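Asks:
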Amino acid sequence: MNKDSKIYVAGHRGLVGGAIVRRLEQAGYTNLVTRTSSELDLRDQSQVNAFFETEKPEYVFLAAAKVGGILANDSYPAEFLYDNLMLEANVIHAAYRAGVRKLLFLGSTCIYPKQAPQPMPEDSLLTGPLEPTNEWYAVAKIAGIKLCQAYRRQYGCNFISAMPTNLYGIGDNFDLEKSHVMPALIRKMHEAKEAGAPTVEIWGTGTPLREFLFVDDCADACLFLMENYADEGIVNIGVGEDISIADLARLVARVVGYEGELVFDAGKPDGTPRKLVDTSRINGLGWRPTVSLEAGIRVTYDWYRKRLGEAGVRGVG
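Residue numbers for the sequence shown follow UniProt numbering, so the first one is 1 and each next one is one higher.
(1) Quick check on the DSSP output: the alpha helix (DSSP H) that includes E79 runs from which residue to which?
(2) According to DSSP, which residues form a beta bridge with T199?
(3) Give me the Cα-Cα distance between G271 and P113, rounded to the nearest whole angstrom.
(4) Identify the continuous beta strand (DSSP E) that holds K102 and give its terminal residues.
(5) Considering only residues of the same chain and omitting the five flanking positions on each side of P289, which have a CB-CB separation below 6 Å?
(6) Using only the alpha-carbon positions, how far apart do C110 and I142 sit?
(7) If I measure Cβ to Cβ from F214 and keep anything under 6 Å in the same chain, skipping five residues before and after, which residues do I get?
(8) Run the CB neighbour count on R97, radius 10 Å, all protein chains shown included, and call it buried at 16 or more, exposed below.
(9) Inspect the beta-carbon positions of R35 and D83 and report whether they are closer than 7 Å.
(10) Whole-angstrom Cβ separation of L147 and V16, contact assumed at under 8 Å?
(11) Quick check on the burial criterion: 16 or more other C-beta atoms within 10 angstroms. Buried or exposed for N2?
(12) One question on the structure: do R276 and E211 come within less than 7 Å of each other, judged by their Cβ atoms?
(13) So is E88 buried or exposed if we call it buried at 16+ other beta carbons inside 10 Å?
(14) Under 7 Å between the Cβ atoms of M189 and V263?
(15) Is S38 helix, strand or coil by DSSP?
(16) Would the segment 60-75 count as touching the segment 126-141 if we require 3 or more Cβ pairs under 8 Å?
(17) Using 10 angstroms around the beta-carbon of G14, count the other beta-carbons present and answer buried if the total reaches 16, otherwise exposed.
(18) How big is the Cα-Cα spacing for Q45 and R298?
(19) Using the rule of at least 16 other Cβ atoms within 10 Å of the residue's Cβ for burial, across every protein chain shown, is T30 buried or exposed?
(20) Using the Cα positions of G284 and I237, report the straight-line distance between them to the nearest angstrom.
(21) Would you report the Cα separation of Q47 and G18, rounded to the nearest angstrom?
(22) Going by DSSP in three states, K275 sits in which element: helix, strand or coil?
(23) Please name the residue in V255, L104, A219 whose C-alpha comes closest to that of Q149.
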């Protein structure tokens, strides 16, 4: 990509899309194209086709998606499947029609089977049943991967797919009903600290192991892949290390400064026992993350507190 190449970042207001925009701007790319969901409904094929015909982007980062944690996936299976299928199909097809030079599709490690080998290699895709608590989202993301591969095989499109592990960071969703575990823990610990609450309840047993990647590291990997990778095979993006939910909760409590008791509700679902990705492919290409887990949590918590402060000021006004 040239610094003045026209680059469309789909989902720029989301966690990953926002980080990709920050990384591109940091790297000196000046011709970025974005649209909010109110300006462009990616589920509407006619709107998407018109956008690509008018703007004619050269490169596309497809980071738009309907996302959420276990509760959201379980509560809205139709939306998680339909919305994600429609938006990715529309964007990928329109990119082909408009002659986009390269497209990067962002998937998720939930595409891998529940009992996939650990760490999960890319070739474990479609080798076993999915984790039931997020299968709707996973099925949609698998379809996106296969669309990219199909357009590559049939039309020679340079469409690639990357599978980030669990992400967190600036721009995260802290809604307790729709958020992932990291922002939920940060919000719970912060509110308990402010209220002087003696306990904080954590969903599940605390035993599942999860891997967490700071979203700005993910954005850096996306730019790296866009510039250095052009094969059909999917590529994992991760840190190659995991942590139990219990230890993560203790780490978040320490960063936030909450000193109360953590209570684990074993009656709530744990999800997949372990989700660690094999990062040997992207490491072999020459990319590694740079932000430690504790450092990333501190940056995220600082951003969350700043956002709360700004909301308070707006409320007073």
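Backbone N, C-alpha and C fix where the C-beta goes; we use that ideal spot for every residue, glycine too.
Quick caveat: nothing in here was measured; it's all calculated off a predicted structure.
Replies: For this structure:
(1) 77-97
(2) E261
(3) 12 Å
(4) 102-106
(5) D217, V239
(6) 9 Å
(7) G169, V291, G296
(8) exposed
(9) no
(10) That pair is no contact at about 19 Å.
(11) exposed
(12) Rather than Arg, the amino acid found at residue 276 in this sequence is Leu. Yes. Within cutoff.
(13) buried
(14) no
(15) coil
(16) yes
(17) buried
(18) 41 Å
(19) exposed
(20) 12 Å
(21) 22 Å
(22) strand
(23) L104
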